[in-house]
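J.: Can you keep this structure in mind? I'll have questions shortly.
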Amino acid sequence: MTPKTMLAIDPATSGGPELLVPVTRDVPVPGENEVLIRVAAAGVNRPDLLQRQGRYPPPPGAPAILGLELAGTIVAAGPRMGGGLIGERVCALVAGGAYAEYAVAPVGQCLPVTDGLAMIEAAALPETLFTVWVNLFERAYAGDGESVLVHGGTSGIGTMAIALGRLFNLRVIVTCGTDEKCERALALGAAHAINYNTTDFVDAVRAATGGRGVDIVLDMIGGDYLSRNLAVLAEDGRHVSIAVQRGATAELPILEVMRRRLTLSGSTLRARANEFKALVRDELMRTVWPHVAAGRLRPVIDRVLPLAEAPAAHARLESGEHVGKVVLRIGEDADG
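85 is the number of the first residue of the sequence shown in this note's numbering; add one for each residue after it.
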């Protein structure tokens with residue numbers, strides 16, 4: 085029987101990682117087209133850090149409990165859905181609520197946890213997979229054999245971009261902050277890895293592409309990186325912004341955009357309608373999930389910590405020393 089209350093990370097104020105103390109909250113009730121999941125594990129992502137700091141509030145209707153992705157077992161379903169899904173192992177993209185023993189997810193945002201995929205691994209997939217797929221393949225129209233520059237090559241987003249690039253024949257060039265991280269990125273399948281602290285990435289990308297430039301830039305940096313990113317785009321290149329770590333404004337060289345027929349785009353995912361996310365989920369089921377089922381796609385896991393050590397998980401992400409995803413172990417079946 086599902087309990088009435090649960091442990092969750094739901095800080096009452098904004099501030100540092102020390103606020104992430106488990107508290108007692110009511111177990112949520114699934115609504116129309118929703119399922120209740122007993123959470124085994126939850127991924128930790130940079131938007132979680134921003135929410136904790138008070139810089140990224142949850143969208144209307146989303147729970148204040150932190151966490152955008154999870155894996156677990158369905159234990160209840162919303163009205164008129166029947167009980168056919170109960171007992172299914174799934175991972176899910178959610179707008180909030182994943183750092184808890186139980187969470188509600190729209191059924192259209194759930195993906196099956198296939199044989200051979202551990203719950204820890206499954207919990208580290210949805211947020212980066214949805215984000216990279218939408219922005220690299222849908223907004224930037226990445227095609228067979230094209231080249232992509234990704235900043236933060238050993239982040240969760242970066243490692244997912246490398247993995248998808250390997251599966252879909254993209255030449256992925258990344259930037260990283262240390263030589264050691266560059267080596268890790270190359271081992272994961274990056275075509276080139278540039279230490280941005282010792283090398284001008286503009287010159288390095290031009291050299292790596294024979295002066296042509298890349299077809300796509302997937303940018304999490306923003307600010308003064310915009311003009312430098314445009315400088316490494318090939319003619320008809322596409323630039324997609326997904327975060328603004330160095331600032332939300334930048335000067336734009338309009339004549340260069342016109343002369344080389346560049347396309348600038350960007351998106352955020354969390355506040356998009358459930359119907360849109362369900363369409364993305366369906367596309368992932370067709371195009372990517374067969375690779376997951378066959379064992380060809382797995383997330384890079386940096387470390388796994390219990391829910392009570394959520395402060396350490398956030399501190400690890402804030403340090404920038406991680407390679408891949410940090411995951412919170414919540415349920416007893418997290419390793420299964």
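Glycine included, every Cβ here is placed at the ideal spot set by N, Cα and C.
Please give the ranges of any alpha helix (DSSP H) in the stretch 334-394, keeping only runs that are unbroken, at least 4 residues long and fully inside the region.
T.: Those alpha helix (DSSP H) runs which fall completely within the stretch 334-394 and span 4+ residues are 338-343, 358-371 and 373-377.
J.: Tell me, to the nearest whole angstrom, how far the beta carbon of glycine 237 is from that of alanine 274; I am working on the premise that it is less than 8 Å.
T.: The Cβ separation is near 6 Å, so the contact holds.
J.: Taking the alpha carbon of alanine 318 as the point to measure from, which residue in Val341, Ala327, Thr212 and Thr371 has its own alpha carbon closest?
T.: Nearest C-alpha to alanine 318: Val341.
J.: Any idea if valine 105 is buried or exposed, counting beta-carbon neighbours within 10 angstroms, 16 or more meaning buried?
T.: Valine 105 should be labelled exposed.
J.: Which residues in the same chain have their Cβ closer than 6 Å to the Cβ of cysteine 194, if we skip the five residues on either side of it in sequence?
T.: Around cysteine 194: Val174 and Ala176.
J.: Looking only at its chain, what residues have a beta carbon closer than 7 Å to the beta carbon of alanine 397, apart from the 5 residues adjacent to it on each side?
T.: Excluding positions up to five away in sequence, the list reads Val128, Leu389, Val410 and Leu412.
J.: Looking at C-alpha atoms only, which residue of Ile300, Ala224, Leu91 and Met85 is the closest neighbour of leucine 449?
T.: What the structure shows of the chain is the stretch from 85 to 420, and residue 449 is not part of that stretch, so it cannot be assessed.
J.: What are the partner residues of aspartate 110, as DSSP defines its beta bridges?
T.: Looking at the DSSP assignment, aspartate 110 forms a beta bridge with Thr89.
J.: Under 8 Å, Cβ to Cβ, is there at least one residue of chain C near valine 107?
T.: Judged by its chain identifiers, the structure shown contains no chain C, having just a single protein chain.
J.: Pull the bridge partners of asparagine 129 from the DSSP assignment, please.
T.: DSSP output for asparagine 129 lists no bridge partner at all.
J.: Leaving out five residues before and five after alanine 208 in sequence, what residues of the same chain have Cβ atoms less than 7 Å from its Cβ?
T.: Contacts found: Gly127, Pro383, Ile385, Lys409 and Val411.
J.: Can you tell me whether leucine 254 is buried or exposed? The criterion is at least 16 other CB atoms within 10 Å of its CB, across all chains shown.
T.: By the neighbour-count rule (16 or more Cβ atoms within 10 Å), leucine 254 is buried.
J.: Would you mind stating whether proline 147 and glycine 180 have Cβ atoms separated by less than 8 Å?
T.: In contact: proline 147 and glycine 180 (Cβ atoms closer than 8 Å).
J.: Within 10 angstroms of the Cβ of tyrosine 225, are there 16 or more other Cβ atoms? Answer buried if so, exposed if not.
T.: With fewer than 16 other Cβ atoms within 10 Å, it is exposed.
J.: Would you mind working out which of Leu152, Gly306, Arg223 and Gly350 sits nearest glutamine 329, comparing C-alpha positions?
T.: Here the closest residue by C-alpha is Gly306.
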